[in-house]
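In our numbering, the protein residues as written are 9 to 157. Data block below; observations after.
Below is the structure:
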């Protein structure tokens, strides 16, 4: 019954605008369920207060490597590989907000490359460091993500 409901919802979404998404999970068998999306867009940023600095660095490294677009994956993974281990807790918090609050990866790309001006809430020392990294003044080759150690 749930499968029929999900397929009907999917059909409606294809032919008309809808506020639901189809979530498909796979174990040994597929299960279909309809999930309502938030009216306010993506889930809000939640700061992880009790996260250790080691866990935060590991999470930010992962999130820097797994982006929605190749360009940001290369920019942020090479940036994180170079600077993340030397960041203090405050800088890690700034970087966390920078890569997790904007819901559109293209905005982050345009800010870092200077195509668009950076909003005041993201204009900080970490963003300036990212902009310098993007300029690549040393002309380093950055066509692959750095190896994980």
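For every residue, glycine included, the Cβ atom is placed at its ideal position computed from N, Cα and C.
query = Under a three-way DSSP split, which group does residue 150 fall into?
reply = coil
ask   = Going along the chain, which residues of its own chain have a beta-carbon closer than 6 Å to the beta-carbon of residue 37, five neighbours each way excluded?
value = Its pLDDT being 43, under 50, residue 37 is placed unreliably in this model, and the coordinates cannot settle the point.
request  = List the whole-angstrom C-beta distance separating residue 61 from residue 97, where the pair is believed to meet the contact cut-off of C-beta under 8 Å.
outcome  = 6 Å
ask   = What distance in whole Å lies between the Cβ atoms of residue 72 and residue 95, which are believed to be in contact at a cut-off of 8 Å?
value = Rounded, the Cβ-Cβ distance is 12 Å, inconsistent with contact.
query = By the 10 Å Cβ neighbour count, where 16 or more other Cβ atoms means buried, how is residue 57 classified, buried or exposed?
reply = exposed
For residue 67, the three-state DSSP class (helix, strand or coil) = helix
message = So the candidates are 109, 90, 69; which of them puts its Cα closest to the Cα of residue 52?
response = 109
key: Alpha-carbon spacing of residue 67 relative to residue 146, whole angstroms   = 28 Å
key: Status (buried if at least 16 other CB within 10 Å, exposed otherwise) for residue 123   = exposed
query = Apart from the five residues just before and just after residue 91, which ones in its own chain have a Cβ nearer than 8 Å to its Cβ?
reply = 137, 141
inquiry  = Between 93, 115, 157, which has its C-alpha nearest residue 76's C-alpha?
reply    = 115
query = On the premise that residue 149 lies in contact with residue 135, defined as a C-beta separation below 8 Å, what is that separation, rounded to the nearest angstrom?
reply = With a Cβ gap of about 24 Å, residue 135 and residue 149 do not count as contacting.
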